[in-house]
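See below for the structure under consideration.
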Amino acid sequence: MSDIRFAAASLVFGLAFLARVAGQAVQRRWDVAFLPSQDAWQGSSLPFPALFAAQVVILMIIATATLRMRAGRNLFGRRWVRPVAWFGVLYFAAMAARLAVGLLGDAGAFGDEGIAAGKWFTAYLPTAFHLVLASEVMLFAAYQRGRPRPSG
């Protein structure tokens, strides 16, 4: 895949995450009817200011990586490709399992009380965006894996 296509895919993931961050911020400030409730956006007990700050940092990392991809520049050293790829795969698998457990729990597969009874498993909106972020991490690794080795 070309640098431009990697950058375009990164831009799509980044814009999706930006929509999530903006949606939660708008809902927190104005409580609008056309967005999910504030509760639906929150998947943990992390205070909103800390969550928002972390999300802004993540958006800055995505923006920087997207611009570097577009310019055909490295994101990180080659020795980091495998660890970043594994982190992305494990992160995606964990979030997919979280989603599956939550959905199966809602369907009654675990009874009324059980592992799926916790809010963390049924926080579908945050889980969906964790899948987006995990996909971005895997994209970073795939892009970097295809970069030529530096000469010299």
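Numbering (the numbering used here), first residue to last: 25 to 176. In this text, a Cβ means the ideal position worked out from N, Cα and C, and glycines have one as well.
Pair within 8 Å by beta-carbon distance, residue i and residue j
i, j, result
"Leu149", "Leu83", "no"
"Ala158", "Tyr115", "yes"
"Phe145", "Val125", "yes"
"Val45", "Leu59", "no"
"Ala96", "Ala165", "Note that residue 96 is Gly in the sequence shown, not Ala. The answer is no: Cβ separation not under 8 Å."
"Val155", "Ala120", "According to the sequence provided, residue 155 is Leu. The question's Val does not apply to it. Cβ atoms of Leu155 and Ala120: closer than 8 Å."
"Gly47", "Thr151", "no"
"Ile28", "Arg122", "no"
"Phe30", "Tyr167", "yes"
"Asn98", "Arg171", "yes"
Where residue i falls, given that 16 or more other Cβ within 10 Å makes a residue buried
i, result
"Gly176", "Caution is warranted here: a pLDDT of 45 is assigned to Gly176, below 50, making its placement in the model unreliable, and the coordinate value is therefore given only provisionally. Per the 10 Å Cβ criterion, exposed."
"Ser61", "exposed"
"Ser34", "buried"
Residue i: first and last residue of the uninterrupted alpha helix (DSSP H) it sits in
i, result
"Asp130", "105-130"
"Trp65", "62-65"
"Val81", "72-94"
"Gly38", "27-54"
"Ser159", "148-169"
*Does the pairing of the segment 63-74 with the segment 88-95 give three or more beta-carbon distances under 8 Å?*
no
*Determine contact between the segment 29-41 and the segment 102-117, defined as no fewer than three beta-carbon pairs at a distance below 8 Å.*
no
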